[in-house]
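In what follows, a single structure is set out as structure tokens and then discussed.
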Amino acid sequence: MSRQPSDKRQRISAIILTAAILILGYITLKQNNQVTDLEAEKTILITQLEDYKRDLLSQTTANDSLNVFIGQETTRLNEKIEEIEALGAITTDQLRRVRGEVFSLRKQVESLTKNVDSVNTAYAALSVVADSLSSDLTLSSEANSNLTSENAQLGRTVNKGAALQLAFFEAGSYRVNKSGKEKLSSNASRVNRVKGCFTIAKNAIAKAGSREVFLRISSSDNRVLTAGKDAVMVVNGESMRYASKANVPFDGESTKGCLTYDVPVDLSAGSYTLALYIDGVKVGETAMILN
1 MSRQPSDKRQ
11 RISAIILTAA
21 ILILGYITLK
31 QNNQVTDLEA
41 EKTILITQLE
51 DYKRDLLSQT
61 TANDSLNVFI
71 GQETTRLNEK
81 IEEIEALGAI
91 TTDQLRRVRG
101 EVFSLRKQVE
111 SLTKNVDSVN
121 TAYAALSVVA
131 DSLSSDLTLS
141 SEANSNLTSE
151 NAQLGRTVNK
161 GAALQLAFFE
171 AGSYRVNKSG
181 KEKLSSNASR
191 VNRVKGCFTI
201 AKNAIAKAGS
211 REVFLRISSS
221 DNRVLTAGKD
231 AVMVVNGESM
241 RYASKANVPF
251 DGESTKGCLT
261 YDVPVDLSAG
271 SYTLALYIDG
281 VKVGETAMIL
291 N
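What follows is the structure in structure tokens.
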């Protein structure tokens, strides 16, 4: 009789132990599956960047400035691939950040590809017109009229190739002390200055002269940081507020510059988008994250 309670307790203990092992196994399996899913998506993002790089390398153009820009963008993609590979066991937050950066790079590659296509079309059309003029100098008035129309269209196409492009654009957030010394900071409550530093790519066919450069800063909830009520620029006929403005001289060579915005109020934590406009045209975009 004394063994029956003991045996019963042993069976209950065995059942509890088995259940605990099963629960622990399920939790471990679930965690392993989550890690596997994160690593799988990390691999997919790297593959996408490799595809974007191949797309860029397949582009050729008669415009040296665009060729230089293509090389620089390819280098950026290589650096981003190495950065992602170096993360090792990626976390959910890291994956979310990388996913956003890959999406931004995809948009930039698509925009650059369109510009290359436009420039190649322009140069091809110029060659056709030159050959036609040298082989036939007895064009009729009707042909001359058609040629004038074609040249007008060609001029508009060449203007696309003459549009300025950015070779580099980077956002920086700083804490400026009373003596005016800047110190990098990503703490939203401490940041009182934001900078957008850029390099305009070399472009031999672009018109030389002073260019109006605008910096626009917006938060993830679409709040725009502005230099004041009169800080308004016009983009495609639409009035838009900006944070900073400067006149930058451009002579066809690679040109560097920075636009600064001194923050009058405390910033909120989160993501901020910095967009750069030259002569009313958006030429680049980057982002920064404040904690």
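With the numbering used here applied, the sequence shown corresponds to residues 1 to 291, in that order.
Backbone N, C-alpha and C define an ideal beta-carbon position, used for all residues, glycine too.
The model shown is predicted, which means the values in this text are computed figures rather than measured ones.
**Asked** Is it true that the CB of residue 283 sits closer than 7 angstroms to the CB of residue 192?
**Response** no
**Asked** So what's residue 104 in DSSP terms, helix, strand or just coil?
**Response** helix
**Request:** Below 7 angstroms CB to CB, which residues in the same chain sit around residue 189 once its five sequence neighbours on both sides are set aside?
**Result:** 266
**Request:** Count the C-beta pairs between the segment 95 to 112 and the segment 38 to 49 that are closer than 8 angstroms, then say yes if the count reaches three, no if not.
**Result:** yes
**Message:** Quick check on DSSP: helix, strand or coil for residue 245?
**Reply:** strand
**Test item: CB-CB of residue 56 and residue 74 under 7 angstroms** = yes
**Request:** Have a look at residue 86 and residue 95 and give me their C-alpha separation to the nearest angstrom.
**Result:** 13 angstroms
**Asked** Can you give the Cα-Cα distance for residue 14 and residue 6, rounded to whole angstroms?
**Response** 12 angstroms
**Coarse secondary structure for residue 170, derived from DSSP in three states** = strand
**Prompt:** Which ranges would you report for the beta strand (DSSP E) in the segment 211 to 236 if only whole runs of at least 3 residues count?
**Reply:** 232 to 235
**Request:** Could you tell me if residue 259 is buried or exposed, where buried requires 16 or more neighbouring beta carbons within 10 angstroms of its beta carbon?
**Result:** buried
**Asked** Thinking C-alpha only, which one of 41, 269, 279 is nearest residue 173?
**Response** 269
**Prompt:** Any idea if residue 58 is buried or exposed, counting beta-carbon neighbours within 10 angstroms, 16 or more meaning buried?
**Reply:** exposed
**Asked** Residues in its own chain within less than 6 angstroms of residue 197 by CB, not counting five upstream and five downstream?
**Response** 170, 258
**Request:** From the DSSP output, in three-state form, read off residue 42 for me.
**Result:** helix
**Request:** Rounded to whole angstroms, what's the CA-CA distance from residue 71 to residue 21? Just pull it up for me.
**Result:** 56 angstroms
**Request:** Answer yes if the segment 272 to 281 comes into contact with the segment 207 to 225, meaning at least three C-beta pairs across the two stretches below 8 angstroms, and no otherwise.
**Result:** yes
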